[in-house]
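Peer 1: Got a structure for you, questions after.
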Amino acid sequence: MNTAPETSIGRDAAGPIRLMLRDHQSTTGPIDGAWWPRTDQPMTELHQLVHAVGPRIGKLARLGFDWNAAESGTETEPGSRIMHLVGSNGAALALLVVPAATEAPAARSQMRWAAGKPRVQDPAPAETAADGPRPLAQL
């Protein structure tokens with residue numbers, strides 16, 4: 471049984487990158503995907519991220535952050551943090567950065583939203599199970 475936490479706040483990044491992108495051929499939305507770093511120091515994982523998106527954008531040419539995207543009126547999740555990656559081939563990605571301390575179910579839901587995939591519904595409490603599953607609340 472694996473008892474390791476989903477995130478490792480304050481520790482070295484270990485494990486595969488947690489990245490979900492929209493399908494390359496799909497119509498893009500305001501966000502192209504999401505990245506869920508494993509630590510509270512995402513810059514320590516940046517090399518792994520750049521390597522993972524390389525096939526899509528080529529060599530990284532520019533990197534920018536918009537930690538106030540939700541306040542600027544864009545159609546992103548409330549309180550979102552957006553990372554912009556621009557590649558040498560002219561391609562660009564806007565990634566939702568999910569905070570490392572986010573609980574796994576909420577993080578996965580945010581990542582699915584950002585990648586344009588349907589969100590998984592959370593199970594209903596036993597007392598309301600007869601009403602069927604409830605959609606996840608907007609995070």
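Numbered as in my numbering, the sequence shown ends at 609 without a single skipped number.
We treat Cβ as the ideally placed atom computed from N, Cα and C, and that holds for glycine.
1. Between Leu-516, Arg-589, Gly-485 and Gln-495, which has its C-alpha nearest Leu-565's C-alpha?
2. If you compare alpha carbons, which of Leu-563, Glu-573 and Pro-575 is closest to Gly-499?
3. Using only alpha-carbon positions, find the residue among Asp-493, Asp-510 and Met-513 that is nearest to Pro-525.
4. Within 10 Å of its beta-carbon, does Met-513 have 16 or more other beta-carbons around it, so buried, or fewer, so exposed?
5. With respect to the beta strand (DSSP E) encompassing Arg-532, which residues constitute its N-terminal and C-terminal limits?
6. Buried or exposed: which applies to Pro-548, given that a residue is buried once 16 or more other Cβ atoms fall within 10 Å of its Cβ?
7. Tell me the rounded alpha-carbon separation between Glu-573 and Ala-522.
8. Within 10 angstroms of its Cβ, does Trp-537 collect 16 or more other Cβ (buried), or is it exposed?
9. Taking the beta strand (DSSP E) that His-554 belongs to, which residues open and close that run?
10. Just curious, the beta strand (DSSP E) that Gly-503 is in, first and last residue?
11. Using C-beta distances below 6 Å, list every residue in its chain close to Ala-584, excluding the 5 sequence neighbours before and after it, in chain order.
12. Quick one: measure Cβ to Cβ for Gly-528 and Ser-558, integer angstroms, because I've assumed they're closer than 8 Å.
Peer 2: The answer reads as follows:
1. Leu-516
2. Leu-563
3. Asp-493
4. exposed
5. 530 to 536
6. Confidence at Pro-548 is low in this model, with a pLDDT of 47, below 50, so the placement of that residue is unreliable and no value is reported for it.
7. 23 Å
8. exposed
9. 552 to 557
10. 503 to 505
11. Ile-501, Gly-503, Ala-504 and Leu-566
12. 4 Å
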